[in-house]
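J.: Using the working numbering, you'd call the opening residue of the sequence shown number 16 and step up by one each time.
What follows is a single structure, and I will ask about it in a moment.
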Amino acid sequence: MKVAVPTMGDQGLNELICAHFGRAETFTIVDTDSGDVEVIPNTSEHMGGTGLPPELISAKGAHVMLAGGLGPKAVKMFEGYGIDVFVGATGTVRDAISDWKEGYLEEATDENACREHRH
């Protein structure tokens, strides 16, 4: 299963999670079955490119997104791609995956989406 995490750089499992999902410098994608780690740049329109983060992440075959938080529009986009979203992630990618596996992260809903992104 591929798990994606918004990150600050290219240090793989040891990279810190980016607190602002859409403006993450990179996304780290971890295959929890094989242990493979891929870091992709955020080339979305948020960073001057094209497309949106859910499109980039879906194209890499991710099944799950772990984030500190994200807005309701992003949650709905991920749902549209069949990607489960969990919020409350902190620390490193390794920490987030461990917390998710242990059931400490909360499934994203409209109620727990970031309030500053409500329009």
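For glycine and all other residues, C-beta sits at the position ideal for the given N, C-alpha and C.
Can you find the residues in the same chain that come closer than 8 Å, C-beta to C-beta, to Phe101, ignoring five residues on each side of it along the sequence?
T.: Val79, Met80, Leu81, Ala82, Trp115, Leu120, Glu121, Glu122, Ala123
J.: If you measure between the beta carbons of Ile72 and Ile112, is that distance less than 8 Å?
T.: Taking 8 Å as the Cβ cut-off, Ile72 and Ile112 do not qualify as a contacting pair.
J.: Do Phe36 and Ile55 count as a contact pair if the criterion is CB distance below 8 Å?
T.: no
J.: In angstroms with no decimal places, state the Cα-to-Cα distance between Thr58 and Arg109.
T.: Pairing Thr58 with Arg109, the inter-Cα distance amounts to about 23 Å.
J.: Here's the rule I'm using: 16 or more other beta-carbon atoms within 10 Å means buried, otherwise exposed. How should His134 be labelled?
T.: Note that His134 scores a pLDDT of 37, beneath 50, so its modelled location is shaky and nothing firm can be said.
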